[in-house]
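In the order they appear, the protein sequences are chains A and B.
Take the first sequence: its letters are residues 1 to 155, numbered as in our numbering.
Take the second sequence: its letters are residues 1 to 728, numbered as in our numbering.
For glycine and all other residues, C-beta sits at the position ideal for the given N, C-alpha and C.
Here the structure comes first, spelled out in structure tokens, and everything after it is commentary.
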Amino acid sequence: MISLNVNGKKYKVDVPDDVMLLWVLRDHLKLTGTKYSCGIGECGSCTVHINGKAERSCTIPVGQVKGEKITTIEGLPDNHPVKKAWIQEQVPQCGYCQPGVIMQVAALISQKPTPDADQIISKMDDVICRCGTYLHIKKGIQTAVQIVRKEGKRA
Amino acid sequence: MKTNISRRSFLKITGLTIAVSVTPFGYNILNASEKKDLKTFNPNVWLHITSDNKVTIYIGNSEMGQGVLTAQSMIIADELEADWKQVQIRQGGAMDGFKSPILGAQITVGSASLRGFYEPLRKAGAAGKAMLVNAAAETWNVPESECKAVLGTVKHEKSNRSLTYGQLCEKAAKLQVPQDPPLKKESEFRYIGKPMPRVDVPEKVMGKAVYGLDVTLKDLHYAVIARPPAYGAKPLSFDQKAAEQVKGVVKVIQIPQGIAVCATSTDAALKGRDSLKVQWDKGTHPDMDNAFIEKSMMADLDKQGAKVHEVGDAKKALSEAAKKVEAAYFVPCVAHATMEPMNTTAYVQEDRCDVWSPNQNQTACRGMAAGITKLPPEKIHIHTTFIGCGLGRRAFTDFVPEAVITSKALGKPVKVMWTREDDIRYDRFRAPMAHRIQGGLDAQGQLIGWSHKTSAISIMRPVNPKAIKDGVDFYCLWGLWDVPDSPHWNARIQYEIPNLYIEFLMADLPIPCWPWRSVQNGPNAFVIESFIDELAHAAGKDPLEFRLQNLKNNKRATRVLQTVAEKAGWGKPIPMGQGRGIAQHACFGTWAAQVVDLSVDKNTGKIKVHRVVAAVDCGPVINPGPLVEQIEGGIILALSTALKEEVKFDKGGVASANFGDYPIIRMSEVPEIEVHTVKSTDKIGGIGELGVPPLAPAVANAFFNATGVRIRRIPLTPKTVMDAMKKT
Ligand code: FES
Ligand code: FES
């Protein structure tokens, strides 16, 4: 039995240590917002937060994150500045990559509340969006930054 | 075109319909006929008005990010004069009434969801409105002409009475459905042409949208399939016991597609598949690799092909030309590589079969499931989920039968998942093409002759041989030539060429190919528009001027070219070291042009595209936001293929496997993009695929402008660029 702390809830799952966190979230906890696309850490669709840091759940064996604070797209509040900005800017097309992208952006702006254009590109250049929403992602980040500023609190 | 909006055809099916609710609460199966205590009014397949004053719209086309749920619903709601707030939208099941009037199937391809359904959806909404107005007039016993529908309510101003659509639906349901209801004037449009937020966006942002891979069912089993590593390879041996010993593996089943490992979790299925240690034979083409493919297709160009089209005498014109240009081009395979890999969940029971599938072709899904289960079509329930990128791939539903077969064999609900490696290796690619063209100009630089030979892997031959007419597969030729009665309006060379000859050869290679966003309009536009640039150069003319000179009677091509040129500042000086290129293309009833600005790092061969300016003329615009997103997305996808993507083959199979060895464009490589729509009152055209065709040639032309070097093959990788620059 492995104990997990996901989105503030405690879970116990009966899986071997070497199962990737992604599959535990999806198959066992039914948290299907976190997506599988490449399984090798190349695309970012599976990104979650582990202790506030963006990590790729497809390459993290679940045994390594016992008891750590895990947050998935479902656990990011619905009124989170990034989610609000994403709706305002109509960022998703098919939307499949977006939960991962949103989690990565949320981590980025919580660490760097006012990233400049170059920082955004260098921090986001490891995600793939086959629909080509990259320009909307950039716009979404700027909007999220403004929302954070307006709301006067940290993301 | 006659539109079938008869109520009977819907009512007959509605009792069996299970709809997948996509908004607002995520995945939620509801049986339309099981809603209790509600009176309903369904004048046609799309509309479902209930006594709780809700307007539910069922959409037959698949939502893959193009905004079809929103756009089609806007059209219906507008003509229905519904209040957008009372509208809820659902992905519909597989039904004959959803068949595209231009494609003849329930399929989401060919940029056809709006151009095919604009009229029928307007009529569907208008018929609903006419019946509701009629019902109100009858209730009040006043002339219909005194009643007016406004935002979900019918009003009789004289007596200051009003009734909501919900109140009227029971009565309206008893009336005759009008076949030709009056339509709104353009000035009366409430939603059409106005920017409307997409209804699928919020749940996608919240992580609640259900894609195929996200389907969860009680007792769901997970399967992956070991598939042959080379075309035509057969398994020699595999270790079934080892796989079955993996904890969680339930059964190993040999099916026509390969060896399916069924388990209680994805992880167990994957581990089980690894332990199979399948030995395969060498397949049918053990020597096939990229060099083999390119060499054999280029060699095809020396053979006699099938005549596609001939007007005038191209041979004679070319022999008399003041200037003659000849060139050969090659476009390799690219993969769809949709973000969500192929998958389907099926549950075959004795008296019904449910299929949950991210598919673009419900007609095929239903037919395949019926064929395997031997159940009548009405017992097959196709639930189309959200789709993690379509790009045409999911119109070929090879991922459906294997799930149905596996579920049938296991007697349980089964989700068959393709890993990313499966998804790339067992893709049906954009067909590779080789071209040889000769073009001739008169002394004024006017195009007088064009002779064009092309070899391609046939898209349709393995799938639907009847689509091949006299050795010609028009799917490979779109953008160059098309049959006159084609549903893909006007996908042919736009230039006015008095002597034109086109010949086609089918390459004899085992690689499966399939439409890939814009089908072969992409590769063909690359070739035609690059060659036009070569001719412009030979004529000593500006590339824009040369195009306009040879498109004199083509109003729409001229307009998009002039628009894009003006917006991009064509002819104005550009920064040192940069190059600028232009290209145009028409297909699916829409005209498009782009201008690309780029620079080339002469030490590394790396191309940096700075800006793309695009213009489109697609007739009426339904929802302007998603239109821009579609063009932008198409440009970025096409740029990925112009600069990076090429499937690698080795030992008779696919060597590319994942995003590591099949690189896809990322944020740092994406240019600024401007999209301009030309105001147009012409017939409505497609949009989804129109960002793609002009991009690659505009890049190649800009590269020529920057370097003086012509590259006749994509992708323009740093290596290709360095090799080409060394040669000159
Ligand atoms: S699925 Fe994890 S990075 Fe692609
Ligand atoms: S929105 Fe479709 S892959 Fe990113």
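Neighbourhood of residue i by C-beta, 6 Å cutoff - its chain only, sequence neighbours within 5 removed
i: L31 (chain A); result: L25, T72 and E74
i: V278 (chain B); result: A226, P235 and F238
i: K99 (chain B); result: A105 and Q106
i: D533 (chain B); result: P543 and N701
i: G193 (chain B); result: V621
i: S656 (chain B); result: I424, V647, K648 and Y662
i: V709 (chain B); result: A724, M725 and T728
i: R352 (chain B); result: K379
i: R492 (chain B); result: W481 and D482
i: L217 (chain B); result: P413
i: G445 (chain B); result: A539 and K541
Proximity below 7 Å, CB of residue i to CB of residue j
i: A706 (chain B); j: G579 (chain B); result: yes
i: E503 (chain B); j: G305 (chain B); result: yes
i: F588 (chain B); j: G685 (chain B); result: yes
i: C389 (chain B); j: A431 (chain B); result: no
i: L47 (chain B); j: G116 (chain B); result: no
i: V205 (chain B); j: I87 (chain A); result: yes
i: S62 (chain B); j: Q360 (chain B); result: yes
i: S57 (chain A); j: L4 (chain A); result: no
i: A731 (chain B); j: S407 (chain B); result: Missing from the structure shown is residue 731 (chain B); chain B here goes from 1 to 728 and no further.
i: A135 (chain B); j: L168 (chain B); result: yes
i: Y211 (chain B); j: P43 (chain B); result: no
i: N658 (chain B); j: C38 (chain A); result: yes
i: G451 (chain B); j: M506 (chain B); result: Reading off the sequence shown, one finds Ser at residue 451 (chain B), where the question assumed Gly. No, the pair does not count as a contact, with Cβ atoms beyond the cut-off.
i: G140 (chain A); j: G207 (chain B); result: no
i: K323 (chain B); j: A538 (chain B); result: yes
Near ligand 1: residue i beta-carbon under 6 Å from a heavy atom
i: G660 (chain B); result: no
i: G283 (chain B); result: no
i: R666 (chain B); result: no
i: C389 (chain B); result: no
i: Y36 (chain A); result: yes
i: G577 (chain B); result: no
i: G212 (chain B); result: no
i: G167 (chain A); result: For residue 167 (chain A) there is no data in the structure shown, the boundaries of chain A being 1 and 155.
Sequence-distant residues of its chain with Cβ nearer than 7 Å to residue i (five each side left out)
i: D14 (chain A); result: M1
i: P715 (chain B); result: T641, A642, L643, K644, E645 and E646
Chain-ordered chain A contacts of residue i [CB-CB under 9 Å]
i: D267 (chain B); result: V15, P16, D18, V19, M20, W23, V24 and D27
Near ligand 2: residue i beta-carbon under 6 Å from a heavy atom
i: G95 (chain A); result: yes
i: R130 (chain A); result: yes
i: T133 (chain A); result: yes
i: P626 (chain B); result: no
i: P92 (chain A); result: yes
i: M103 (chain A); result: no
Partners in chain A for residue i, counting only beta-carbon separations shorter than 7 Å
i: R611 (chain B); result: By Cβ distance, chain A contributes nothing, its closest Cβ being about 12 Å from R611 (chain B), past 7 Å.
i: K204 (chain B); result: P92, G95 and Q98
i: C389 (chain B); result: C94, Y96, R130 and C131
7 Å Cβ cut-off: residues of chain B touching residue i
i: P99 (chain A); result: G207
i: L135 (chain A); result: E632, V670 and I673
Any non-hydrogen atom of ligand 3 closer than 6 Å to residue i Cβ
i: G33 (chain A); result: Here the bound small molecules are ligand 1 and ligand 2; ligand 3 is not part of this structure.
Contacts around residue i, its chain only, beta-carbon distance under 8 Å, and the 5 residues preceding and following it disregarded
i: D180 (chain B); result: K123
i: L695 (chain B); result: A583, Q594, V596, V612, G634, I635, A638, L639 and A642
i: L29 (chain A); result: L4, V6, Y11 and V13
i: L375 (chain B); result: D351, R352, C353 and A369
i: D52 (chain B); result: L38 and G166
i: Q771 (chain B); result: Given that chain B is displayed from residue 1 to residue 728, the structure contains no residue 771 (chain B) and the question cannot be resolved.
Under 9 Å from the C-beta of residue i: neighbouring residues of chain B
i: C46 (chain A); result: Within 9 Å Cβ-Cβ: nothing; C46 (chain A) doesn't reach chain B, min ~11 Å.
Chain B contact residues for residue i, given Cβ-Cβ distances below 8 Å
i: I128 (chain A); result: M339, F659, I664 and R666
i: E74 (chain A); result: M206, G207 and K208
Chain A contact residues for residue i, given Cβ-Cβ distances below 8 Å
i: Y222 (chain B); result: D27
Chain C residues whose Cβ lies nearer than 7 Å to that of residue i
i: G39 (chain A); result: In the displayed structure, chain C is absent; the protein chains listed are A and B.
**OP:** Write down every uninterrupted run of the beta strand (DSSP E) in the segment 448 to 520 of chain B whose length is 3 residues or greater and which is fully enclosed by it, in chain order.
**Re:** 499 to 506
**OP:** Could you name each continuous alpha helix (DSSP H) segment of 4 residues or more that falls completely within the segment 187 to 250 of chain B, going from the start of the chain to the end?
**Re:** 201 to 206 and 240 to 245
**OP:** Would you list, in sequence order, the uninterrupted alpha helix (DSSP H) runs of no fewer than 4 residues that lie entirely inside the segment 550 to 635 of chain B?
**Re:** 555 to 568
Original post:
In chain order, which beta strand (DSSP E) runs of at least 3 residues are fully inside the segment 16 to 91 of chain A?
Top reply: 47 to 50, 53 to 56 and 69 to 71
Original post:
Fully enclosed by the segment 389 to 434 of chain B, which beta strand (DSSP E) runs are 3 residues long or longer?
Top reply: 414 to 417
Original post:
Fully enclosed by the segment 638 to 719 of chain B, which alpha helix (DSSP H) runs are 4 residues long or longer?
Top reply: 695 to 707
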